[in-house]
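J.: After the structure tokens below, expect a handful of questions from me.
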Ligand SMILES: NC(=O)c1ccc[n+]([C@@H]2O[C@H](COP(=O)([O-])OP(=O)(O)OC[C@H]3O[C@@H](n4cnc5c(N)ncnc54)[C@H](OP(=O)(O)O)[C@@H]3O)[C@@H](O)[C@H]2O)c1
């Protein structure tokens with residue numbers, strides 16, 4: 370028999386989650402702080418709970434999707450909710466930190482409920498589609514037992530580890546990668562605008578260069594994983610030519626009065642590596658100059 374599900378939070382993402390569960394035939398109850406936002410889901414067949422407690426009581430699985438973990442904590446600490454959770458599975462799909470997920474996992478286990486923590490790597494329009502990606506961490510058994518539910522949320526819902534913080538940690542890692550590209554794009558746009566270059570030309574150049582950047586990113590991860598930091602025959606580029614080119618960018622941006630705060634951060638990392646005599650090492654050696662995991 371299909372488990373019953375409640376979704377706490379029907380904002381943009383929570384609504385998409387609830388809608389895909391309804392479409393997959395799950396009996397779904399929804400609750401939202403602003404009750405009007407549940408109307409279209411009610412029209413699509415959802416039951417609407419009058420309180421968080423009622424929503425938790427109505428379901429085997431409680432999916433939470435609100436703004437942040439402090440909002441989740443307010444909901445789960447409200448009257449009678451903690452005791453209503455006993456024996457249920459709580460699936461936190463709100464974005465958060467690894468630390469927040471570990472804390473929540475401990476607190477929820479202390480109230481006799483199961484806990485899975487997820488990171489949604491998609492916009493609401495991808496939810497319920499084949500390309501919908503969600504990373505889930507926590508007990509594998511709880512994930513495997515509910516494959517049907519997760520399959521309804523997207524074709525690429527993956528269990529990424531037992532450790533509850535894993536999904537959020539991977540989410541932050543992927544965001545770091547994404548923002549590197551997006552902020553890089555903002556700088557490229559600013560340079561083109563300052564130098565009177567049509568942005569269509571930038572788009573064409575990016576199309577030609579993207580495979581090169583893709584290759585560099587893949588190579589950087591691979592070499593770091595293999596511990597190949599010294600230059601060798603396979604090295605695509607060492608630190609030194611990157612550093613020289615960065616100086617050209619810094620000079621241009623300074624002359625054009627473009628904000629330097631991000632690129633000065635790059636410069637600082639290069640300088641630490643060069644001061645340590647590593648300028649001829651593979652670019653991957655820069656990973657030693659970001660601070661080591663655990664050095665807090
Ligand atoms: N949208 C995306 O593309 C996307 C992608 C990946 C992950 N996410 C994550 O999904 C989560 C929700 O994002 P969203 O885009 O759906 O945001 P949203 O449309 O702004 O919805 C936020 C939801 O959180 C509720 N909420 C906020 N504070 C609350 C509180 N103190 N108590 C109770 N409910 C509270 C809101 O209730 P009200 O309606 O009453 O304000 C609403 O249901 C976030 O963690 C976000 O990072 C979103």
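Numbering (the numbering used here), first residue to last: 370 to 665. The beta carbon of each residue, even a glycine, is placed where N, CA and C say it ideally should be.
1) Identify which residue in 481, 444, 424 and 403 has its Cα closest to the Cα of residue 463.
2) Whether or not the stretch 626-636 and the stretch 567-580 are in contact is what I'm after, with contact meaning three or more pairs of Cβ atoms, one per stretch, closer than 8 Å; do they touch?
3) Can you find a heavy atom of ligand 1 that lies under 7 Å from the Cβ of residue 464?
4) Exposed or buried, residue 334, counting other C-beta atoms within 10 Å across all chains shown (16 or more means buried)?
5) Please classify residue 592 as buried or exposed, where buried requires at least 16 neighbouring CB atoms within 10 angstroms.
6) For residue 372, which residues from the same chain have a beta carbon less than 6 Å from its beta carbon, with the 5 sequence-adjacent residues on both sides left out?
7) Using beta-carbon positions only, say whether residue 387 and residue 400 come within less than 8 Å of one another.
8) By DSSP, does residue 409 sit in helix, in strand, or in coil?
9) Report yes if the C-beta of residue 402 is less than 7 Å from at least one heavy atom of ligand 1; otherwise report no.
10) Kindly give me the distance between the Cβ atoms of residue 483 and residue 459, rounded to whole angstroms, as I take these residues to be in contact under 8 Å.
11) List the DSSP bridge partners of residue 525.
12) Would you call the CB atoms of residue 498 and residue 524 closer than 8 Å?
13) Nearest-angstrom Cα distance between residue 652 and residue 437?
14) Could you give the distance in angstroms between the alpha-carbon of residue 664 and the alpha-carbon of residue 468?
T.: In short, the structure shows the following:
1) 444
2) no
3) yes
4) Residue 334 is absent from the model: the chain starts at 370 and stops at 665.
5) With 16 or more other Cβ atoms within 10 Å, it is buried.
6) Within the same chain, residue 372 has close Cβ partners 429 and 430.
7) no
8) helix
9) yes
10) 7 Å
11) 502
12) yes
13) 36 Å
14) Only weak support exists for where residue 664 lies, its pLDDT of 45 falling under 50; the coordinates are left without a value.
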